[in-house]
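Beneath this line is the structure, given in structure tokens, with notes to follow.
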Amino acid sequence: MKKFSATFISRTFWFPEFSAVISMLNNGKDWDDIAEAIIDDNIFKMSSTNRSTELKRELMFRISALPASFSELFEQLPLNNQKLMNLIAIMNAHPLVEDFVLEVVKKEFLTGDLKLEPYEISAYLQDLPLQHPETAHWTQQTLKKIQTRFHEILTQSGLAEDAGGAMQLKRALLEASLVAWLKQNGKSDYILALTGRAL
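Take 248 as the starting number for the sequence shown in our numbering and just add one per residue.
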């Protein structure tokens, strides 16, 4: 069973940066070039060298964990699907985010109850120690930050809209090429979780 970590709460959705780094990779840059651009040249105008380093590590973590075909497909897709690909990369890199989408968001889509309330996310987080003892020591402050980050990830990916503290979920409209890529790479469960349908 995958271990859950709350380290992702210090990272943000970082879509413009994610998109720019994929473009660099597709244009022949390697990770040394990209690290120099992000950290030494501070192309993303981060507040400190530490923050630039964290950004580089996170984007490398997200992108390197997926096959090269991911980056190649990314630039062929419309903006809404590119944002969903960033969500897919985050899910793949961070087991807690993956579990939340596969368990909570998918259930909402399958039942047709598209309003995700804060108490539902709280209940999910409170139950985590039953199967993941490593989460038992998380403080209320950490749990609150996780909840905030879940909200940000879903709304910035286009999978939800803010609804006065709750979230109104929106079924993803996946391009056929992205559906095919997910199937080819063993992620058919992502399709069901993002759309509520087995495409």
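Quick reminder that beta carbons are idealized off the backbone N, C-alpha and C, glycines included. Here the structure is a predicted model, which is why all the values come from computation and not from measurement.
Who are the Cβ neighbours of residue i in its own chain at under 7 Å, not counting the five residues just before and after it?
{"i": "THR296", "result": "ILE286"}
{"i": "MET307", "result": "TRP278"}
{"i": "GLN415", "result": "LEU361, LYS362, ALA407, GLU408"}
{"i": "GLU264", "result": "PHE291, LEU302, LEU306"}
{"i": "MET293", "result": "SER299, LEU302"}
Could you check how far apart the C-beta atoms of residue i and residue j are, in whole angstroms? I think they sit under 8 Å.
{"i": "GLU322", "j": "SER404", "result": "Wrong, their Cβ atoms sit about 18 Å apart, outside the cutoff."}
{"i": "GLU399", "j": "PHE260", "result": "6 Å"}
{"i": "PRO365", "j": "GLY411", "result": "Actually they do not touch by this definition, with Cβ atoms about 10 Å apart."}
{"i": "LEU445", "j": "ILE438", "result": "Here residue 445 is Ala; the residue named in the question, Leu, does not match the sequence. Right, their Cβ atoms sit about 7 Å apart."}
{"i": "PHE397", "j": "PHE347", "result": "6 Å"}
{"i": "ALA423", "j": "LEU441", "result": "No, ALA423 and LEU441 are not in contact; Cβ-Cβ is about 14 Å, not under 8 Å."}
For the beta strand (DSSP E) that residue i lies in, which residues bound it at each end?
{"i": "ALA413", "result": "413-416"}
{"i": "GLU408", "result": "407-410"}
What does a CB cutoff of less than 6 Å around residue i pick up in its chain, not counting 5 residues either side in sequence?
{"i": "PHE255", "result": "HIS341"}
{"i": "LYS249", "result": "PRO342"}
{"i": "LEU375", "result": "THR382"}
From which residue to which residue does the alpha helix (DSSP H) around residue i run?
{"i": "ILE269", "result": "262-273"}
{"i": "ILE281", "result": "278-282"}
{"i": "ARG444", "result": "No alpha helix (DSSP H) contains ARG444, which DSSP labels as neither H nor E."}
{"i": "MET307", "result": "296-311"}
{"i": "TRP428", "result": "423-431"}
{"i": "GLU393", "result": "In the sequence as displayed, the identity of residue 393 is Ile instead of Glu. Element bounds for ILE393: 387-403."}
{"i": "ALA315", "result": "315-321"}
Taking 8 Å as the limit between beta carbons, can you name the residues of its chain near residue i, skipping five residues before and five after?
{"i": "THR402", "result": "GLU408, ASP409, MET414"}
{"i": "LEU425", "result": "LEU320, LEU324, ASN328, LEU331, MET332"}
{"i": "ARG309", "result": "PHE265, ASN333, ALA336, ILE337, ASN339, ALA340"}
Exercise for the section: At 4 residues or longer, and completely inside the stretch 327-364: list those alpha helix (DSSP H) runs for me, N to C. Expected result: Within the stretch 327-364, the complete alpha helix (DSSP H) runs of at least 4 residues are 342-347, 353-358.
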